[in-house]
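**Q**
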Amino acid sequence: MEWRQQSTVSYDEAYLEAQRWIEAVTKKTFGSDDFRSALENGVLLCDLINKIKPGIIKRVNRLPTPIAGLDNLNVFLTACGKLGLKEAQLFHPGDLQDLSTRVTVKHQETNRRLKNVLITIYWLGRRAQCERFYDGPYLNFKAFEGLLGTALYKVKLVIIIPLCTLSCFICIVVKQKLNFLVKKQK
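In UniProt numbering, the protein residues as written are 1 to 186.
1) Does any C-beta atom of chain D lie closer than 8 angstroms to the C-beta of A38?
2) If V75 and L48 are in contact, beta carbons under 8 angstroms, what's the gap, nearest whole angstrom?
3) Please list the terminal residues of the continuous alpha helix (DSSP H) segment that includes G42.
4) On the CB-based measure, 16 or more other CB atoms within 10 Å of its CB, does E40 come out buried or exposed?
5) Do you know how far the Cα of I56 is from the Cα of L96?
6) So the candidates are E87, D71 and V60; which of them puts its Cα closest to the Cα of I119?
7) Out of F30, E131, W123 and Q108, point me to the one whose CA is closest to K53's CA.
8) In the DSSP assignment, find the alpha helix (DSSP H) that holds K86 and state where it starts and stops.
9) How far does the alpha helix (DSSP H) with D34 in it reach, from first residue to last?
10) Answer with buried or exposed for N72, where buried requires no fewer than 16 other C-beta atoms within 10 angstroms of its C-beta.
11) Roughly how many whole angstroms lie between the Cα atoms of L44 and K142?
12) Can you tell me whether Y138 is helix, strand or coil according to DSSP?
13) Spatial neighbours of G136 within its chain, please: C-beta separation below 8 angstroms, excluding the five flanking residues on both sides.
Okay, structure coming up:
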């Protein structure tokens with residue numbers, strides 16, 4: 001798929017899946033907030049990564065200020081790095097800034113920024129499956145095909161193995177097989 005074609009694809013499925021996964025893992029809802037607004041203060045993201053790897057973030061700043069939100073986003077991104085995500089897989093804290101007050105903001109710029117956030121959530125979801133002690137809900141990677149391109153989904157084995165060890169990959173396959181068997185028995 002060419003980049004021009006890919007950039008016009010709707011990311012609705014990825015947004016919905018990212019929201020579903022974050023809510024399922026944290027057991028907290030986005031409420032009436034849209035995707036960006038629900039994540040801009042970084043609290044949900046910090047809670048998410050603490051569920052994946054308990055204690056990776058020692059404190060979450062719950063003050064309702066932009067500085068507190070920026071602090072939480074930076075702490076979240078640092079924790080993602082500790083889990084093994086690369087800088088290219090991480091969004092910039094400014095990607096979740098409120099752009100509604102800027103007159104010159106274009107719809108494309110907002111989409112580009114939120115796409116960066118979705119990419120980070122995608123890679124964090126991949127990494128969550130590699131965590132030995134994480135047995136929470138999994139992210140449906142297929143929902144991100146429109147965002148990342150179908151080629152990325154089809155070569156997921158090549159992507160997972162560098163991100164985790166081979167033993168971790170085997171663990172993922174075993175977990176998925178067990179989940180399938182449990183669902184089949186119900």
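The beta-carbon is built from N, C-alpha and C at its ideal position, and this holds for glycine as well. Quick caveat: nothing in here was measured; it's all calculated off a predicted structure.
**A** In terms of the structure at hand:
1) Although the question refers to chain D, the structure presented lacks it and comprises just one protein chain.
2) Along the sequence shown, read from residue 1 onward, the residue named residue 75 stands at position 75. Along the sequence shown, read from residue 1 onward, the residue named residue 48 stands at position 48. Not really, about 12 angstroms apart at Cβ, beyond 8 angstroms.
3) Locating residue 42 in the sequence shown gives position 42, where the first residue counts as 1. Looking at the DSSP string, G42 is not in any alpha helix (DSSP H), and its letter there is neither H nor E.
4) Residue numbering aside, residue 40 sits at position 40 when the sequence shown is read from its first letter. Label assigned to E40: buried.
5) Looking up residue 96 in the sequence shown gives position 96. Looking up residue 56 in the sequence shown gives position 56. Straight-line Cα distance between these residues: approximately 22 angstroms.
6) Along the sequence shown, read from residue 1 onward, the residue named residue 119 stands at position 119. For I119, the nearest C-alpha among the options comes from E87.
7) Translated into positions along the sequence shown, residue 53 becomes position 53. That would be E131, whose Cα lies nearest to the Cα of K53.
8) Counted from its first residue, the sequence shown places residue 86 at position 86. Counting along the chain, K86 falls outside any alpha helix (DSSP H), and DSSP gives it neither H nor E.
9) Residue 34 sits at position 34 when you count from the first residue of the sequence shown. In the DSSP assignment, D34 falls outside any alpha helix (DSSP H) and carries neither an H nor an E.
10) On the sequence shown, position 72 is the one that residue 72 refers to. Result: buried.
11) In the sequence shown, counting from the first residue as 1, residue 44 sits at position 44. In the sequence shown, counting from the first residue as 1, residue 142 sits at position 142. Distance between the alpha carbons of L44 and K142 is about 23 angstroms.
12) Residue mapping note: residue 138 aligns to position 138 of the sequence shown, counting from 1. Coil, per DSSP.
13) The sequence position of residue 136 within the sequence shown is 136, counting from 1. Taken in chain order, the residues that qualify are A24, V25, K51, I52 and A128.
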